[in-house]
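> Mind having a look at this structure? Questions to follow.
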Amino acid sequence: MNILIAGASGFIGKSLVSALAPSHKITVLGRNRRRLKQIFPEQRAIDFPGLATEPIENYTVVINLCGESIDKRWTVQQKEKIISSRVEPTEKLANWVLRSPTPERIRFLNASAVGIYGLNTIQNAEDTLIKTQEHCFSQQVVCEWELTVEKKLKNKINYTLMRFGVVLKKQQGMLKKLELPYKLGLASILGHGKQQISWIHIEDLVRAIDFVVKNPTFSGPVNMVAPEVITQKSLCQVLAQALDRPCLFKTPTIVVKLIFGQMGSELLLSGQEVIAKKLTKANFSFLYPTFPAAIFHEYK
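Residues in the sequence shown are numbered from 2 upward in steps of one, following this note's numbering.
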């Protein structure tokens, strides 16, 4: 297949390109073509202005991973950047895809997140009714992102909304933030520690995306999370054990809120229990179905 991957320079994108390149023709898209060529010397690279002259007819699959990281303190300016970095590239890609005289033959896979379900303690599947929660920024971001896709592409092409859980990879994403304090013996349970975390190992995420690419029956939301949901306390204990360090401390809720603000309240002190109902029904198999298996693989 000829596949275009937008936002390929992030750690998910790099892993995805590496996995798909041997069996597909990959073109990478981003803001800086020169930087993309440095990262992916063997792949064709274009920037967003280049979309104006890029023939959509060359592609059968478009994968959009564009988006600013959400793990920085949420100032007003950062919130605007988080939303615009998702919505604007998505609009450009959707408009480009619709230039095709036969857009229905194109698969459009757009990144999303389990934050769409809001902050709750129920079990969430793809068919769970989304209840909008006032002042929940993490949900607002994903709702606007998915709505952009739906407004542009609904009833026009086959699109998939890939709702990622926390992605695990050594020295990347969440684990990168935790490695240094844990190695220094500062592992800490945050708040009551009972908040649920839906996660997925990077290898399983890449395999799940490839699985969806190869199975055109997938459409709409697809939860990409491991079968096991963990608590923040369990995360602390397992990661500390993998790094051969103690897990001795507790950080009170008020301290987390003072240090991290709204981002801490929503991402560190709250969570969701999410199940991959569609992947499971399609008999997708996880290499790392449990959190200890994923963590000890990364830090073996």
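Built from N, CA and C at the ideal position, the CB exists for glycine as well.
Under 7 Å Cβ to Cβ from Y300, same chain only, skipping five residues before and after it: list those, please.
In the sequence shown, the residue the question calls residue 300 occupies position 299. Same-chain partners within the cutoff: K171, A243 and L244.
> If you draw a straight line from the C-alpha of R164 to the C-alpha of I276, how long is it?
In the sequence shown, residue 164 corresponds to position 163, counting from 1. In the sequence shown, residue 276 corresponds to position 275, counting from 1. Going by the C-alpha atoms only, they are around 11 Å apart.
> Please report the distance separating the alpha-carbon of F287 from that of D211.
In the sequence shown, residue 287 corresponds to position 286, counting from 1. In the sequence shown, residue 211 corresponds to position 210, counting from 1. Roughly 13 Å between the two C-alpha positions.
> Taking the beta strand (DSSP E) that P222 belongs to, which residues open and close that run?
Taking the sequence shown and counting its residues from 1, one reaches residue 222 at position 221. Per DSSP, P222 belongs to the beta strand (DSSP E) from G221 to M225.
> Pick out whichever of I13, L5, N3 and I4 has its Cα sitting closest to the Cα of L206.
The sequence position of residue 206 within the sequence shown is 205, counting from 1. Cα-wise, what sits closest to L206 is I13.
> If I'm right that S266 touches K258 with Cβ under 8 Å, what's the distance once you round it to whole angstroms?
Reading the sequence shown from its first residue, position 265 is the one you call residue 266. Reading the sequence shown from its first residue, position 257 is the one you call residue 258. That pair is a contact at about 6 Å.
> Going by the DSSP bridge assignment, what does E105 pair with across the sheet?
As a working note, residue 105 is residue 104 in the sequence shown. In DSSP, E105 forms no bridge with anything.
> Rounded to the nearest angstrom, what separates V256 and I190 at their Cα positions?
As a first step, residue 256 is located in the sequence shown; it is residue number 255 there, counting from the start. As a first step, residue 190 is located in the sequence shown; it is residue number 189 there, counting from the start. The alpha-carbon atoms of V256 and I190 are separated by roughly 12 Å.
> By DSSP's criteria, V275 is part of a beta bridge. Which residues make up the other side?
Walking along the sequence shown from the start, residue 275 turns up at place 274. According to DSSP, which records beta bridges pairwise, V275 is partnered with N125.
> Starting from V1, trace the alpha helix (DSSP H) both ways and give me its first and last residue.
The question about residue 1 has no answer, for the chain in this structure spans 2 to 301.
> Report yes if the CB atom of E69 is closer than 8 Å to the CB atom of I83, and no otherwise.
For the purposes of this step, residue 69 is taken as residue 68 along the sequence shown, with counting starting at 1. For the purposes of this step, residue 83 is taken as residue 82 along the sequence shown, with counting starting at 1. Their beta carbons are under 8 Å apart, which means E69 touches I83 by this criterion.
> Quick one: complete beta strand (DSSP E) runs, 3+ long, within the segment 177–245?
List check, beta strand (DSSP E) in window: 189–191, 200–202 and 221–225.
> Look up S19 in the DSSP assignment and say whether it is helix, strand or coil.
One-based indexing of the sequence shown puts residue 19 at position 18. If DSSP states are grouped into helix, strand and coil, S19 belongs with the helices.
> Locate the alpha helix (DSSP H) running through I84, then write down its first and last residues.
Start at 1 with the first residue of the sequence shown, and residue 84 comes out as number 83. Element bounds for I84: V77 to V98.
> Reducing DSSP to helix, strand and coil, say where N284 ends up.
Within the sequence shown, numbered from 1, the residue matching residue 284 stands at position 283. Residue state, collapsed to three classes: coil.
> In angstroms with no decimal places, state the Cα-to-Cα distance between T28 and Q134.
Position 27 of the sequence shown holds residue 28. Position 133 of the sequence shown holds residue 134. Approximately 38 Å, taken between the alpha carbons.
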